[in-house]
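Residue numbers for the sequence shown follow my numbering, beginning at 15 and rising by one.
Don't be surprised by glycine CBs; every beta carbon is placed ideally from N, CA and C.
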Amino acid sequence: MEGDGIADWFRDLNDSARQTLVARLSEEERQDFRWNWNLWARQEQLPPSGDWHIWLICAGRGFGKTRAGAEWVRSVAWQNSGARIALIGASLAEVRAVMVEGESGILAISPPHRRPQFEPSLRQLRWENGARATLYSAADPESLRGPQHSHAWCDEIGKWDNASDRAIRTWDNLLMGLRLGERPRALATTTPRAVPLIQRLMRGETQGHVAVSRGSMFQNGSHLPPQFIIEMNRQFGGTALGRQELNGELLTEVDGALWTRSLIETCRETGVPGAMTRIVIGVDPPASAHGDACGIVVAGLAEAGHGVVLADCSVEKPSPEKWARAVANAAEIWSADRVVAEANQGGAMVGSVLRAANIALPIKLVHASKGKIARAEPVAALYETSRVRHAEAFAKLEDEMCGLMAGGTYEGPGRSPDRADALVWALSELMLGRRNIPRVHTDL
15 MEGDGIADWF RDLNDSARQT LVARLSEEER QDFRWNWNLW ARQEQLPPSG
65 DWHIWLICAG RGFGKTRAGA EWVRSVAWQN SGARIALIGA SLAEVRAVMV
115 EGESGILAIS PPHRRPQFEP SLRQLRWENG ARATLYSAAD PESLRGPQHS
165 HAWCDEIGKW DNASDRAIRT WDNLLMGLRL GERPRALATT TPRAVPLIQR
215 LMRGETQGHV AVSRGSMFQN GSHLPPQFII EMNRQFGGTA LGRQELNGEL
265 LTEVDGALWT RSLIETCRET GVPGAMTRIV IGVDPPASAH GDACGIVVAG
315 LAEAGHGVVL ADCSVEKPSP EKWARAVANA AEIWSADRVV AEANQGGAMV
365 GSVLRAANIA LPIKLVHASK GKIARAEPVA ALYETSRVRH AEAFAKLEDE
415 MCGLMAGGTY EGPGRSPDRA DALVWALSEL MLGRRNIPRV HTDL
């Protein structure tokens, strides 16, 4: 057996057989085995066959996308002394920290005698055979206008900032300069998100010029801490976000939904939220202890004037004491200015239960005169005008948001969008209340 045949045979061996085989090798042979990616990689981490121009690895977190990208760059550099490779990430800091210097980055996966020299001031990696790689930020599309490349590795394209079409312009400028050598090629690695660039590349698969590799976190389970897998399943198992982030599925949008996943992704906070001028907790109490969840969502008003969803503290099928305590705890942790709770189901009893948990809670009871969908529509409009950000991914909350339909129905998980309703109460209080409506006063 030679070449790929040896690699396939070795990958098919169980761990015990592999260890026995490696133990029989000399020290030099063991070193060669250690750095031979074709022997250790899973098939879906290796470049596909065929005359592709773009290779897209669209897979869940923990799949091994970064390792696959770094190994591909290493292979390209050593097979082509004239390679000019573009390394592009969401920011220069991420390119350096993940793609170059990370645990699965280019420097870490390169054997010591073939490790490239990294020159941070020049934003370059140089291999001793003459191949070079240059670091770029997707936040600066113009930096790719002009430079020519033979290859490119673009990491986490799903999180590239697409404000003012930056992500698309970065990609287009890259492709226009990808013209060196006989077979220019680009690799894009990403967790699937319903953003325009990924959707465009997926369409390219059907046209034949994009090769797509898919996979989930669980395919790489033997290389991940067991507790990590347990925790990911606990938090995201059974959610649409879990299907996306862990299983690597590109979720399709539901026609007529007030919120789409692509809209929510554009509203994701990229850094740590700054100071808040006001913090409100929205509460949608359950009708009974054996019914739905109690929606508890924390939102703040940033100094710049936009709203920020800070936390989802909702609790499933709680007793009145349990959900009231959860609200009180959230109010204490976030130093909330006000708790806005729907009182349609329990009336004054809702306020009594909350005050029993903490008599000092600043409570405002609200009575819904409109249905959940009608209340949610003006809040959804805030997202469409980029006036709301999410401080992190809120899997269950976002699943419910994407299940609220403009036609007045709910097609999300569970019987009722309790978390989404709590979000609507919080953001309505922060951004749609009377105090936020400009008025013209006329003296008579």
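First and last residue of the alpha helix (DSSP H) that includes Gln138?
Counting along the chain, Gln138 falls outside any alpha helix (DSSP H), though it belongs to the beta strand (DSSP E) covering 138-140.
Applying the 10 Å Cβ sphere with the 16-neighbour rule, what's the burial state of Ala325?
With 16 or more Cβ atoms within 10 Å of its Cβ, Ala325 is classed as buried.
Lys378 and Val393 - do their beta-carbons sit closer together than 7 Å?
No. Outside cutoff.
May I have the straight-line CA-CA distance separating Met246 from Asp179, to the nearest angstrom?
Their Cα atoms are separated by approximately 32 Å.
Under the three-state reduction of DSSP, which class applies to Pro452: helix, strand or coil?
The predicted model places Pro452 with a pLDDT of 39, which falls under 50 and marks its position as unreliable, so this point remains unresolved.
Between the alpha carbons of Ala344 and Gln258, how many angstroms are there, rounded?
About 28 Å.
Would you tell me roughly how many angstroms separate the C-alpha atoms of Leu60 and His223, rounded to the nearest one?
Their backbone Cα atoms lie some 17 Å apart in a straight line.
Could you pull out every residue in the same chain whose Cβ sits closer than 6 Å to the Cβ of Pro161, ignoring the five residues on either side in sequence?
Taken in chain order, the residues that qualify are Gly191.
What is the DSSP secondary structure of His381, reduced to helix, strand or coil?
If DSSP states are grouped into helix, strand and coil, His381 belongs with coil.
On the three-state DSSP scale, how would you describe Val311?
Strand.
How would you call Lys410, buried or exposed, if buried means at least 16 neighbouring beta carbons within 10 angstroms?
Buried is the call here.
When you compare the CB positions of Cys287 and Val322, do they come within less than 7 Å of one another, or not?
One point to set straight first is that residue 287 is Pro, not Cys, in the sequence displayed. Yes, they are a contact pair.
Helix, strand or coil for Ala200, going by three-state DSSP, please let me know.
In this structure, Ala200 counts as strand in the three-state DSSP scheme.
Could you check what DSSP says for Trp66 in three-state terms: helix, strand or coil?
Residue state, collapsed to three classes: coil.
How long is the line joining the alpha carbons of Glu279 and Val209, rounded to whole angstroms?
Approximately 8 Å between the Cα atoms of the pair.
Considering only their Cβ atoms, is the gap separating Leu264 from Pro206 smaller than 7 Å?
Cβ atoms of Pro206 and Leu264: closer than 7 Å.
Sorted by chain position, which residues of the same chain lie with C-beta nearer than 6 Å to Arg292's C-beta, five sequence neighbours on each side aside?
So the list reads Leu315, Asp351, once near-sequence residues are dropped.
Determine the DSSP secondary structure at Trp348, reduced to helix, strand or coil.
Helix at Trp348.
Taking only the alpha-carbon atoms, compute the straight-line gap between Cys168 and Arg199 and give it to the nearest angstrom.
Cα to Cα, the separation comes out at about 11 Å.
Less than 8 Å between C-beta atoms, sequence neighbours within five positions excluded: which residues of the same chain meet that for Ala370?
Glu335, Ala338.
Contact between the segment 49-68 and the segment 77-87: three or more CB pairs below 8 Å?
Yes: at least three Cβ pairs fall under 8 Å.
Could you check the C-alpha separation between Thr399 and Cys281 for me, to the nearest Å?
Computed Cα separation, rounded: 10 Å.
Given a threshold of 16 other Cβ atoms within 10 Å of its Cβ, counted over all protein chains shown, does Arg102 qualify as buried or as exposed?
According to the sequence provided, residue 102 is Ile. The question's Arg does not apply to it. The residue is buried, with at least 16 neighbouring Cβ atoms inside 10 Å.
Between Gly189 and Trp69, is the Cβ-Cβ spacing less than 7 Å?
A small fix is needed here, since residue 189 is Leu in this sequence, not Gly. Taking 7 Å as the Cβ cut-off, Leu189 and Trp69 do not qualify as a contacting pair.
Might you give, ordered along the chain, the residues of its own chain that have their beta carbon closer than 6 Å to the beta carbon of Arg389, omitting 5 neighbours on each side?
Contacts found: Val438.
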